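One structure below.
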């Protein structure tokens, strides 16, 4: 079963939104609903060589995010089961997974202030967990530019942070 709240459901059905910021309290289900929406994007846009990113503040958290999406945690089940992968990173030092259809899932981090590690070929969908850890708008610009050619989807999940520049994006 899909475990999201009723107010979160439109995020799963919405294909028109190219950028979604999901903000809420600790253990509010932000990452879980983004994982479902991310999986939907893979189902719609995946295929041999299609690029997808899971992004977090540091490399270790990106790897933990992948594990949460695949295996789940104490609060929610996994969304993309291991059977859907040809290969899954075994540690934070491995940054690429390959799905059964040949899609490439890369683990990215936000540690580079200017986001220079966030450059690559076109990406179909990007899920950024703890998005308020982006310290500079150039990181967001680099991420958005990866989605420009593919008209891909950006999913940002974060706990609200007072006076953070991401608040400018929020539409209540």
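Residue numbers (my numbering): 23 to 194. For every residue, glycine included, the Cβ atom is placed at its ideal position computed from N, Cα and C. The model shown is predicted, which means the values in this text are computed figures rather than measured ones.
Contact set for residue i: own chain, Cβ-Cβ below 8 Å, skip 5 residues either direction
| i | result |
| --- | --- |
| residue 71 | 124, 125, 126 |
| residue 173 | 40 |
Strand pairing of residue i, partner residues [DSSP]
| i | result |
| --- | --- |
| residue 78 | 131 |
| residue 89 | Beta-bridge pairing links residue 89 to no other residue. |
| residue 99 | 94 |
| residue 41 | 176 |
| residue 73 | 126 |
Residue i - containing alpha helix (DSSP H), residue span
| i | result |
| --- | --- |
| residue 162 | 159-170 |
| residue 121 | Premise fails: residue 121 lies in the beta strand (DSSP E), 118-121, not in any alpha helix (DSSP H). |
| residue 63 | 52-67 |
| residue 33 | 31-35 |
Cα-Cα separation, residue i to residue j
| i | j | result |
| --- | --- | --- |
| residue 33 | residue 114 | 29 Å |
| residue 65 | residue 151 | 20 Å |
| residue 74 | residue 96 | 25 Å |
| residue 103 | residue 89 | 10 Å |
| residue 153 | residue 80 | 11 Å |
| residue 171 | residue 54 | 27 Å |
| residue 101 | residue 162 | 26 Å |
| residue 128 | residue 68 | 13 Å |
| residue 206 | residue 167 | A query on residue 206 cannot be resolved here, the shown segment of the chain reaching from 23 to 194 and no further. |
| residue 28 | residue 52 | 13 Å |
| residue 84 | residue 105 | 20 Å |
| residue 57 | residue 91 | 6 Å |
| residue 116 | residue 130 | 11 Å |
| residue 140 | residue 157 | 14 Å |
| residue 165 | residue 144 | 10 Å |
| residue 134 | residue 82 | 14 Å |
| residue 189 | residue 180 | 11 Å |
Residue i - containing beta strand (DSSP E), residue span
| i | result |
| --- | --- |
| residue 109 | 107-109 |
| residue 176 | 175-180 |
| residue 147 | 147-151 |
6 Å Cβ shell around residue i - same chain, five flanking residues per side excluded
| i | result |
| --- | --- |
| residue 87 | 76, 78, 151 |
| residue 178 | 43, 150, 153 |
| residue 186 | 154 |
Own chain partners of residue i with C-beta closer than 7 Å, once the 5 adjacent residues on each side are dropped
| i | result |
| --- | --- |
| residue 109 | 119, 120 |
| residue 194 | Note that residue 194 scores 44 on pLDDT, short of 50, meaning its location in the model is unreliable; the coordinates nonetheless yield the value given after this. So no residue of the chain qualifies. |
| residue 155 | 79, 132 |
| residue 62 | 34 |
| residue 184 | none |
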